[in-house]
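Undergrad:
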Amino acid sequence: MKGRILFYYSVFNMGGAERSLLKLMVGFIERGYTVDLLLLYGEGNLEKQIDKRINIHKLRSRNYKTEFLKTSNVLKKIEFLFLHSLSYPKFYLNLFELKKYTYQCVFVGLHGLSPKLIVKNLKFKKLIQFIRSDLALCDQNNKAHNHIIKYGSIVDNYVCVAQTCKKSFDEKYPSLSFKSVVVYNLLSAQSIIVNSRKQVDDLQFFENDSFKIFSVCRLQEKSKGILRIVDVVKDLCENNIDFKWYLIGAGEDMQILREKIEIDGVGDCLILLGRKANPYPYMLLADLIAVPSYYEGLCGVVNEAKVLNIPVLATEFSGIREQIKNGENGIIVENSRIGIYEGIKKLCDNPRSIKKMRINGMPREIIDDNLKLDSLIDYLKN
234 MKGRILFYYS
244 VFNMGGAERS
254 LLKLMVGFIE
264 RGYTVDLLLL
274 YGEGNLEKQI
284 DKRINIHKLR
294 SRNYKTEFLK
304 TSNVLKKIEF
314 LFLHSLSYPK
324 FYLNLFELKK
334 YTYQCVFVGL
344 HGLSPKLIVK
354 NLKFKKLIQF
364 IRSDLALCDQ
374 NNKAHNHIIK
384 YGSIVDNYVC
394 VAQTCKKSFD
404 EKYPSLSFKS
414 VVVYNLLSAQ
424 SIIVNSRKQV
434 DDLQFFENDS
444 FKIFSVCRLQ
454 EKSKGILRIV
464 DVVKDLCENN
474 IDFKWYLIGA
484 GEDMQILREK
494 IEIDGVGDCL
504 ILLGRKANPY
514 PYMLLADLIA
524 VPSYYEGLCG
534 VVNEAKVLNI
544 PVLATEFSGI
554 REQIKNGENG
564 IIVENSRIGI
574 YEGIKKLCDN
584 PRSIKKMRIN
594 GMPREIIDDN
604 LKLDSLIDYL
614 KN
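Residues in the sequence shown are numbered from 234 upward in steps of one, following our numbering.
Structural data, given as structure tokens:
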């Protein structure tokens with residue numbers, strides 16, 4: 234074995250960052266490294282997809298603290314508080330188990346996750362933290378900022394997933410700019426292609442002549458703009474556009490989204506498919522993949538769509554111009570309700586115009602996973 238490395242994450246739920254991390258951990262294993270995954274909380278819905286060769290350590294089985302804050306039921310609050318207090322022995326026992334190792338590198342998987350627990354408790358030669366979005370847009374509560382200010386002198390590198398993320402980081406922290414580097418998320422393109430060939434169980438549900446739009450995302454308004462999708466769908470319906478918009482995913486704003494769909498009366502055109510462990514066969518059914526986010530880092534869904542040669546319409550957000558050449562292998566629109574509406578209407582009115590966009594067209598730095606792994610290994614060695 235070449236060495237032992239640790240990935241530190243909060244909870245392993247379905248999302249683009251998590252799927253990227255899965256691929257990265259497997260990539261390191263295939264290069265001869267022993268990989269440990271340290272999770273603050275268990276019961277993430279993506280845990281079942283973690284490769285068996287990865288050693289998983291969960292400090293707590295569930296996030297009782299969050300559940301305590303969410304419920305208004307007094308008895309439930311007492312129950313969650315009690316269970317949280319009972320979890321402390323397991324927390325320290327699991328942490329103690331990792332103290333016996335000296336890690337060649339520890340990767341902190343999210344910019345909003347503090348390295349404090351790692352710095353205070355574990356031995357390591359290198360500490361690397363991922364920056365997965367434009368901090369000027371996504372760090373409104375200064376959570377990441379406070380961590381960077383406190384631990385910036387200890388972190389060896391900040392790995393930014395797009396050039397625009399690095400630019401934003403460097404502008405905000407010029408004294409740390411020498412530590413920031415760009416490494417794009419791993420794609421595992423062949424795996425995406427293989428999984429896309431699997432059967433769609435409810436295929437008859439999609440057998441219609443309407444223009445088919447798919448979005449795949451966490452159902453969160455703050456970054457993904459899911460409520461804005463409802464507004465755009467309403468605008469398209471009022472202009473008699475023949476389309477169906479299918480939304481794959483789950484998340485904290487699911488109920489709010491359902492209520493808005495019902496209030497606006499667009500349930501026939503905007504269909505929620507829920508979480509899909511393998512979204513790729515569904516994506517192949519699309520005439521268009523829509524990514525109407527307020528902000529992203531380097532959007533994994535855009536990369537996956539391009540691997541499958543599916544046309545993409547995306548709003549103007551960080552990293553998108555590194556992935557799409559506007560008008561050639563996708564469409565970039567103004568990051569607004571009217572921008573999304575006009576872009577989709579234009580394509581629905583003239584579906585032939587998007588046939589030429591059924592190409593990949595992404596640069597080698599985004600496509601080549603070996604190049605990305607080589608870069609990360611260089612950073613943890615040097």
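Even glycine gets a Cβ: it sits at the ideal position worked out from N, Cα and C. Please read all numbers here as calculations on a predicted model, not as lab measurements.
1. By the DSSP assignment, the alpha helix (DSSP H) with residue 577 in it spans what residues?
2. Smallest Cα separation from residue 358: which of 239, 446, 404?
3. DSSP three-state label for residue 636, please.
4. Could you pull out every residue in the same chain whose Cβ sits closer than 7 Å to the Cβ of residue 273, ignoring the five residues on either side in sequence?
5. Let me make sure I understand the geometry here. Which of 252, 522, 441, 563 has the alpha-carbon closest to that of residue 283?
6. For residue 345 versus residue 377, is the C-beta spacing smaller than 9 Å?
7. Report all residues from its chain with a CB closer than 8 Å to the CB of residue 559; omit the five preceding and five following residues, and keep chain order.
8. Taking just the CA atoms, how far does residue 525 sit from residue 567?
9. Less than 9 Å between the beta carbons of residue 416 and residue 388, yes or no?
10. Tell me, please, which residues DSSP counts as bridged to residue 269.
11. Throw me the rounded Cβ distance for the residue 490 and residue 506 pair, which I believe falls under 8 Å.
12. Use the C-beta contact count for residue 366: other C-beta atoms within 10 angstroms, 16 or more gives buried, fewer gives exposed.
13. Among 372, 275, 278, 427, which one has its Cα closest to the Cα of residue 514?
14. Buried or exposed for residue 495, going by 16 or more other Cβ atoms inside 10 Å?
15. I believe residue 531 touches residue 552 by the beta-carbon criterion, under 8 Å. Please report the beta-carbon distance rounded to the nearest angstrom.
16. Work out the CA separation of residue 528 and residue 370 for me, nearest whole Å.
17. Just how far apart, CA to CA, sit residue 436 and residue 542?
18. Is residue 374 helix, strand or coil when you go by DSSP?
19. Just to confirm, are residue 413 and residue 382 a CB contact at a threshold of 9 Å?
20. Measuring alpha carbon to alpha carbon, tell me which of 614, 602, 615 ends up nearest residue 258.
21. Measure from the alpha carbon of residue 537 to the alpha carbon of each residue in 516, 290, 550, then state which is nearest.
22. Could you tell me the distance, in whole angstroms, from the CA atom of residue 390 to the CA atom of residue 288?
23. Just to confirm the assignment, what range does the alpha helix (DSSP H) spanning residue 354 have?
24. Taking only three categories from DSSP, how would you classify residue 551?
TA: So, from the listed chains and residues:
1. Here residue 577 is taken as the residue at index 344 of the sequence shown, counted from 1. First-last of the alpha helix (DSSP H) with residue 577: 570-582.
2. For the purposes of this step, residue 358 is identified with residue 125 of the sequence shown, where counting begins at 1. Ranking 239, 446, 404 by Cα distance to residue 358 puts 239 first.
3. Residue 636 lies beyond the range of the chain shown here (234 to 615); nothing can be said about it.
4. As a working note, residue 273 is residue 40 in the sequence shown. For residue 273, where only same-chain residues beyond five positions count, the Cβ hits under 7 Å are 243, 244, 292, 293.
5. In the sequence shown, the residue the question calls residue 283 occupies position 50. Nearest of 252, 522, 441, 563 to residue 283, Cα basis: 252.
6. Here residue 345 corresponds to residue number 112 of the sequence shown, with the count starting at 1. Here residue 377 corresponds to residue number 144 of the sequence shown, with the count starting at 1. For residue 345 and residue 377, yes; Cβs fall inside 9 Å.
7. Here residue 559 refers to the residue found at position 326 of the sequence shown. The answer, listed in chain order, is 565.
8. Here residue 567 is taken as the residue at index 334 of the sequence shown, counted from 1. Here residue 525 is taken as the residue at index 292 of the sequence shown, counted from 1. Straight-line Cα distance between these residues: approximately 10 Å.
9. Reading the sequence shown from its first residue, position 183 is the one you call residue 416. Reading the sequence shown from its first residue, position 155 is the one you call residue 388. Not closer than 9 Å, so no.
10. Translated into positions along the sequence shown, residue 269 becomes position 36. Beta-bridge pairing links residue 269 to 239, 288.
11. Position 257 of the sequence shown holds residue 490. Position 273 of the sequence shown holds residue 506. With 8 Å as the limit, residue 490 and residue 506 do not qualify as a contact, their Cβ atoms being about 13 Å apart.
12. On the sequence shown, residue 366 is found 133 positions in, with the first residue counted as 1. It is buried - the Cβ of residue 366 has at least 16 other Cβ atoms within 10 Å.
13. Taking the first residue of the sequence shown as 1, we reach residue 514 at position 281. Of the candidates 372, 275, 278, 427, the one whose C-alpha sits nearest the C-alpha of residue 514 is 427.
14. On the sequence shown, residue 495 is found 262 positions in, with the first residue counted as 1. Classification for residue 495: exposed.
15. By one-based count along the sequence shown, residue 531 stands at place 298. By one-based count along the sequence shown, residue 552 stands at place 319. The Cβ separation is near 4 Å, so the contact holds.
16. As a working mapping, residue 370 is identified with position 137 in the sequence shown. As a working mapping, residue 528 is identified with position 295 in the sequence shown. The straight-line gap from Cα to Cα measures roughly 7 Å.
17. Within the sequence shown, residue 436 is the residue found at index 203, counting from 1. Within the sequence shown, residue 542 is the residue found at index 309, counting from 1. Roughly 20 Å separates the two Cα atoms.
18. Numbered from 1 along the sequence shown, position 141 holds the residue referred to as residue 374. Looking at residue 374 - three-state DSSP - the assignment turns out to be coil, as it is neither helix nor strand.
19. Looking up residue 413 in the sequence shown gives position 180. Looking up residue 382 in the sequence shown gives position 149. Their beta carbons are not under 9 Å apart, which means residue 413 does not touch residue 382 by this criterion.
20. Counted from its first residue, the sequence shown places residue 258 at position 25. For the residues 614, 602, 615, the minimum Cα distance to residue 258 belongs to 602.
21. Locating residue 537 in the sequence shown gives position 304, counting from the first residue. That would be 516, whose Cα lies nearest to the Cα of residue 537.
22. Taking the sequence shown and counting its residues from 1, the one referred to as residue 390 is at position 157. Taking the sequence shown and counting its residues from 1, the one referred to as residue 288 is at position 55. Rounded to the nearest angstrom, the two C-alpha atoms are 24 Å apart.
23. Along the sequence shown, one-based indexing puts residue 354 at 121. That run of the alpha helix (DSSP H) goes 349-354.
24. Working through the sequence shown from its first residue, we reach residue 551 at position 318. Looking at residue 551 - three-state DSSP - the assignment turns out to be coil, as it is neither helix nor strand.
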